[in-house]
Amino acid sequence: EKFITKLSLLGALNEDAAFGAALQEAVVLFPEHTDFADDLVAWYIERDATDQAEAFLRDQVTNGPGAADRHRMRLVGFLREMKGDAAAQTELQGYVDQGVNPDLFGSVSAHLRFEAGEVDASDRRGCPARASDARYQGGTGPHACHAGSADRCAPAHQ
182 EKFITKLSLL GALNEDAAFG AALQEAVVLF PEHTDFADDL VAWYIERDAT
232 DQAEAFLRDQ VTNGPGAADR HRMRLVGFLR EMKGDAAAQT ELQGYVDQGV
282 NPDLFGSVSA HLRFEAGEVD ASDRRGCPAR ASDARYQGGT GPHACHAGSA
332 DRCAPAHQ
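For the sequence shown, the working numbering gives the first residue as 182, with consecutive numbering after it.
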């Protein structure tokens, strides 16, 4: 609570550099409070320091507390918002190529391609329900990428 008061005072006094340093310190001291990390990213973006925001998010993937996939998803969302779908897709494909939770990141990639209109009914890249799996021939059956909930599966996978 004292730290939040410190941040509030620095913000009210327009002590921008000190405010940023305090946010960075808060991220280290209170890693379980993800709001500080979100605030730091927003602070970078407000200052057109998107490269620093991206570097921070990449560091969180490697060194951040908790589930790395959560940090990866934050990075992908940031890249999509700041640099576009192509940058997000490149990041997702890198995870899939490295074997980093390929079901999750492949499904997210397929979803982005579907949103962009790049996926047809025969495209199952990234979805564990691949055309080569007999259970899914003709696009029927539950899809592992959506925990058996075919109603949540994008039409491209059905």
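Glycine included, C-beta positions come from ideal geometry on N, C-alpha and C.
As the structure is a computational prediction, the values presented were derived from the model and not from experiment.
- In the same chain as residue 226, and ignoring 5 residues on each side of it, the C-beta atoms closer than 8 Å to its own belong to 234, 263, in chain order.
- Sequence-distant partners of residue 283 (beyond 5 residues in either direction) whose C-beta falls short of 7 Å from its own C-beta, in its chain, are 277.
- Excluding five sequence positions before and after residue 241, the CB atoms of its chain that fall closer than 8 Å to its own CB belong to 218, 252, 255, 256, given in chain order.
- Nearest C-alpha to residue 205 among 194, 195, 245: 245.
- Residue 259 places its beta carbon 8 Å or farther from that of residue 208.
- Residue state for residue 299 is assigned as coil, using DSSP reduced to three classes.
- A direct Cα-Cα distance of roughly 44 Å separates residue 185 from residue 298.
- Non-local C-beta neighbours of residue 203 in its own chain, meaning closer than 8 Å and more than five positions away in sequence, comprise 184, 187, 188, 191, ordered along the chain.
- For residue 209, the enclosing alpha helix (DSSP H) covers residues 197-210.
- Straight-line spacing of the CA atoms in residue 279 and residue 288 works out to 15 Å.
- When C-alpha distances from residue 249 are compared across 285, 265, 271, the shortest belongs to 285.
- Classified as buried, residue 293 has 16 or more neighbouring CB atoms from the shown chains inside 10 Å of its CB.
- In the displayed model, residue 246 falls within coil according to three-state DSSP, outside both helix and strand.
- If you draw a 10 Å sphere on the C-beta of residue 272, you find 16 or more other C-beta atoms in it, and that means buried.
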